[in-house]
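So for the sequence shown, our numbering puts the first residue at 5; every next one is plus one.
Okay, so here's the structure we're looking at.
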Amino acid sequence: MITAENKAKAFALTQTHKTDVGSPQAQVSVLTTRIKEVTEHLKVNKHDHMARRGLVQMVGRRKKLLKYLEDKDFEAYKAVVAKLGLRK
5 MITAENKAKA
15 FALTQTHKTD
25 VGSPQAQVSV
35 LTTRIKEVTE
45 HLKVNKHDHM
55 ARRGLVQMVG
65 RRKKLLKYLE
75 DKDFEAYKAV
85 VAKLGLRK
């Protein structure tokens, strides 16, 4: 479970302004943090199928947001990918 501190740090990475929590950049940042946490959980709990399903859903949601961002604002897309270390 993502803590409020971790969520605030994730938002701070890509916020466009101080109270930005709904932009695609901010949403991708928080989803990436949650995906990393669930991935670590699944390394220990291999048979947790509900967590695995949630992980697949989060990855799909992040993929859709990144596609939207790539289509609408390519510069912001490149910045988010670079900051979060996605797509090597």
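Built from N, CA and C at the ideal position, the CB exists for glycine as well.
This one's a predicted model, so the numbers in the text were calculated from it and none came from an experiment.
Nearest-angstrom Cα separation, counted from residue j out to residue i
{"i": "E74", "j": "R66", "result": "12 Å"}
{"i": "A14", "j": "G58", "result": "19 Å"}
{"i": "A86", "j": "A80", "result": "10 Å"}
{"i": "A8", "j": "V42", "result": "16 Å"}
{"i": "H21", "j": "A12", "result": "13 Å"}
The alpha helix (DSSP H) enclosing residue i, as first and last residue numbers
{"i": "N10", "result": "A8 to T18"}
{"i": "T43", "result": "P28 to V48"}
The ligand ADP heavy atom lying under 8 Å from the CB of residue i
{"i": "T43", "result": "Inclusion of the ligand ADP in the displayed structure is not the case, the ligand content being empty and no account of it being possible."}
9 Å Cβ cutoff met for residue i and residue j
{"i": "T18", "j": "V60", "result": "no"}
{"i": "L90", "j": "L70", "result": "yes"}
Decide if the region 21 to 30 is in contact with the region 39 to 50; the criterion is three or more beta carbon pairs, one per stretch, under 8 Å apart.
Between the region 21 to 30 and the region 39 to 50 there are fewer than three inter-stretch CB-CB distances shorter than 8 Å, so the stretches are not counted as touching.
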